[in-house]
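The structure appears below as structure tokens.
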Amino acid sequence: MKQIRKLWRKLTNAVNNRGMQFLISLSFTFVALVGMAFIGVFLYQSYGRASEDVVIQDTQQLLGQVEMNLNTYLRNMMRISDAMYYNVIKNVDFARDDISQELNLLYEVNKDNLVSISCFTEEGELIGASPVGTMKDNADIQDQTWFTSAKDKMENLHFSELHVQNIFENSSGRYYWVVSLSRGVELTSDGKLSGGILLVDMDFSGIRQLFTKVNSQELSYVYLVDGDGKIIYHPRQNLIFSNMLKENNQQAVSYSDGLHRENFQGQDRMVMVKTVGYTGWKIVSVTPMTNFYQNFSQTRIMAVIIIIISILVMIFANQFVAVRVSMPLKSLEDSLRGIGVEQERLAEGAGEGIYIGGPPEIQHLGETIKSMVKQLRKLTDDIVKEQEEKRKSELDALQSQINPHFLYNTLDSIMWMIEAEQYDDAVSMVQALGRLFRISLSKGKNIITVGDELQHARSYLDIQKYRYKNKFVSCFEIEKGIEKYKTIKLIIQPLIENAIYYGMEYMDGDGEITIRAYTRRSDLFIEVEDNGLGMPEEQVERLLTDDTRIRSKGSGIGLRNVHQRIQLYFGKAYGLKIISEPDQGTIVRIHLPKTEEVKAPGEVEA
Numbered sequence: 001m002k003q004i005r006k007l008w009r010k011l012t013n014a015v016n017n018r019g020m021q022f023l024i025s026l027s028f029t030f031v032a033l034v035g036m037a038f039i040g041v042f043l044y045q046s047y048g049r050a051s052e053d054v055v056i057q058d059t060q061q062l063l064g065q066v067e068m069n070l071n072t073y074l075r076n077m078m079r080i081s082d083a084m085y086y087n088v089i090k091n092v093d094f095a096r097d098d099i100s101q102e103l104n105l106l107y108e109v110n111k112d113n114l115v116s117i118s119c120f121t122e123e124g125e126l127i128g129a130s131p132v133g134t135m136k137d138n139a140d141i142q143d144q145t146w147f148t149s150a151k152d153k154m155e156n157l158h159f160s161e162l163h164v165q166n167i168f169e170n171s172s173g174r175y176y177w178v179v180s181l182s183r184g185v186e187l188t189s190d191g192k193l194s195g196g197i198l199l200v201d202m203d204f205s206g207i208r209q210l211f212t213k214v215n216s217q218e219l220s221y222v223y224l225v226d227g228d229g230k231i232i233y234h235p236r237q238n239l240i241f242s243n244m245l246k247e248n249n250q251q252a253v254s255y256s257d258g259l260h261r262e263n264f265q266g267q268d269r270m271v272m273v274k275t276v277g278y279t280g281w282k283i284v285s286v287t288p289m290t291n292f293y294q295n296f297s298q299t300r301i302m303a304v305i306i307i308i309i310s311i312l313v314m315i316f317a318n319q320f321v322a323v324r325v326s327m328p329l330k331s332l333e334d335s336l337r338g339i340g341v342e343q344e345r346l347a348e349g350a351g352e353g354i355y356i357g358g359p360p361e362i363q364h365l366g367e368t369i370k371s372m373v374k375q376l377r378k379l380t381d382d383i384v385k386e387q388e389e390k391r392k393s394e395l396d397a398l399q400s401q402i403n404p405h406f407l408y409n410t411l412d413s414i415m416w417m418i419e420a421e422q423y424d425d426a427v428s429m430v431q432a433l434g435r436l437f438r439i440s441l442s443k444g445k446n447i448i449t450v451g452d453e454l455q456h457a458r459s460y461l462d463i464q465k466y467r468y469k470n471k472f473v474s475c476f477e478i479e480k481g482i483e484k485y486k487t488i489k490l491i492i493q494p495l496i497e498n499a500i501y502y503g504m505e506y507m508d509g510d511g512e513i514t515i516r517a518y519t520r521r522s523d524l525f526i527e528v529e530d531n532g533l534g535m536p537e538e539q540v541e542r543l544l545t546d547d548t549r550i551r552s553k554g555s556g557i558g559l560r561n562v563h564q565r566i567q568l569y570f571g572k573a574y575g576l577k578i579i580s581e582p583d584q585g586t587i588v589r590i591h592l593p594k595t596e597e598v599k600a601p602g603e604v605e606a
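This is how it looks when you write it as structure tokens:
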């Protein structure tokens, strides 16, 4: 024990006798080695988790986009079926009328996505079909799934599994993979009702194209199964159908929407599932963890190399710092004194809390730092002021934008009305356009009354109603006396634009837009509600952070711009709130203070 103590004292004395440079170099090197080791391990683990989170987030966004595109595609097919049933079949008597012309017309309009469209009696007899009109003699359709499913439930839509449709005569001998959309329909013959089946065969290539675009990633792949777990699309579909490759589709169909981890055939996999609402189909994304970690191993090697290089650089840097720190403090004082004298003339009042005391060298160092803080404070204030002015200029410039595309379409509509001798409509549309521009300009004022802003919205809706006849109806629910309060201009029109161009885009009619204005205590609210398609929660969260302005159709003033201008004038407590769910429509609510006087940003009372 004594020998150990004696050895420790000798080592301590030897180190202490080496001087400041050696002590600093040794201490910094030890700290650098230990610190970099801990940081390396921490960063490696953090990067692994972050990379996995990024993959999960990207996969969620990918599945959301695929689900939205697939929904759009299937809705188009459903509209074809609805159009044939409600506009044709329900309005004809099959004892006297023939529907071949309507079938051919509907097929020609949609032939890029269809293989055939046909109608049968509930006994399986063909009434009409396009583009072919003759069934095979040996074709027995009454036992096929699409026929029995549609026959069991009248007017309900049924999506079949993937199959080859070969019930019709085809001179080319070529038959296509299809997904059949069938429904039970009511047929009228001599005034008597009977059952029938309407069949729309969707070309599988349309679905395949949707998924081919997203299956270009190296780490993962996406496939589609129906509610029974049968594969509709898979990037290696031929291998699976020929039993040369297995897929865990029966297990995947039992998963709820979200992230799951599984082991399939000895391989750890990360599985993300999203259900296509009314069909019961499931979109499945599979990421083999071996692919993920194989890609990550390259990053791991690079990280180790960077850490080793960083340690070597820090060792040399520590040696350099040790030499510099051991230089006389007097040299440091002399080098800082000139800077302190120069900074003394700058802004006063900053840095008063900086400690100044101790030896003269430290006092001079404190004075210099104090002076530098003053300069930094002044520069910071100048930058903040400059950025505020720049932001205001950008927002003012955006306020004045009127997209030439909108103006061109409006003038083109007016010219069309005049050519069609619809003079009253043309005059009304010109008057609405005049009111729109008059309030938009507002003699250069940014602050107008709520009444003027609502009138601006009415004028805009009047123009759009002429352009989109029977597309939508509008309704104003305005609290009495609210028109006198003040607001910034051009905040309702962009909301109506989004409701028309996005909420109503896929609607065939019966669109409704409701504008409400009401007060609650010291707050004023304006709402624009539509009964359009709505949107998922993740898209709502992006609306006020992404640049969502309408570039090709609207005025160019987006939701984010409206939100930022409201907060610029009234504060962070105010702005926009978006409430939306898929297929439930959208409400965009403007929150303003109830006031009859609005000050410009940065303006203060005398």
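For the sequence shown, the UniProt record's numbering begins at 1 and goes up steadily by one. Just so you know, even glycine gets a beta-carbon here, dropped at the ideal spot from N, CA and C. Please read all numbers here as calculations on a predicted model, not as lab measurements.
query: Identity of the residues DSSP links to P536 by a beta bridge; result: In the DSSP output, where bridge partners are listed per residue, P536 has none listed.
query: Host beta strand (DSSP E) of G196 (start-end); result: K192 to D203
query: Outcome for K480 when other beta-carbon atoms lying within 10 angstroms are tallied against a minimum of 16; result: exposed
query: Distance, T449 Cα to E102 Cα; result: 54 Å
query: Cβ pair count under 8 Å reaching 3, the stretch 252-266 against the stretch 227-237; result: yes
query: Alpha helix (DSSP H) segment containing I99, residue limits; result: Note, I99: premise wrong, no alpha helix (DSSP H); not H, not E.
query: Contact check, F120 vs L199, beta carbons under 8 Å; result: yes
query: Cα-Cα separation, T586 to T545; result: 18 Å
query: Coil, strand or helix - K274 by DSSP; result: strand
query: Rounded C-alpha distance that separates S205 from M507; result: 25 Å
query: Coarse secondary structure for G340, derived from DSSP in three states; result: Residue confidence for G340 is low, a pLDDT of 46 falling below 50, so the modelled location carries little weight; the figure read from the coordinates is stated next. Reduced to three states, the DSSP call for G340 is helix.
query: Which of helix, strand or coil DSSP assigns to D140; result: coil
query: Range covered by the beta strand (DSSP E) that runs through residue 611; result: This structure does not reach residue 611, given that the chain is present from 1 up to 606, and the question cannot be answered.
query: Beta carbon of K471 nearer than 8 Å to that of G511; result: yes
query: Three-way DSSP call (helix, strand, coil) for S371 in this model; result: helix
query: Nonlocal neighbours in the same chain, by C-beta distance under 6 Å from K246, ignoring five residues either side; result: none
query: Y355 classed as buried or exposed, judged by whether at least 16 other C-beta atoms fall within 10 angstroms; result: Only weak support is given to the placement of Y355: the predicted model assigns it a pLDDT of 43, under 50, and the value that follows is read from those uncertain coordinates. The residue is exposed, with fewer than 16 neighbouring Cβ atoms inside 10 Å.
query: Pick from F168, A37, L259 and M272 that is closest to L224, judged by C-alpha positions; result: M272
query: Distance between beta carbons of S116 and L126, contact taken as under 8 Å; result: Rounded, the Cβ-Cβ distance is 11 Å, inconsistent with contact.
query: H163 - partner residues in DSSP beta bridges; result: V178
query: Helix, strand or coil at I496 according to DSSP, with G and I counted as helix; result: helix
query: Which of helix, strand or coil DSSP assigns to Q209; result: helix
query: Limits of the beta strand (DSSP E) - the one that Y221 falls within; result: Y221 to V225
query: DSSP three-state assignment for K471, whether helix, strand or coil; result: coil
query: Terminal residues of the alpha helix (DSSP H) in which Y569 lies; result: L559 to F570
query: Pick from N138, L162 and R183 that is closest to K153, judged by C-alpha positions; result: R183
query: Alpha-carbon to alpha-carbon, L407 and Q493; result: 14 Å
query: DSSP three-state assignment for P593, whether helix, strand or coil; result: strand
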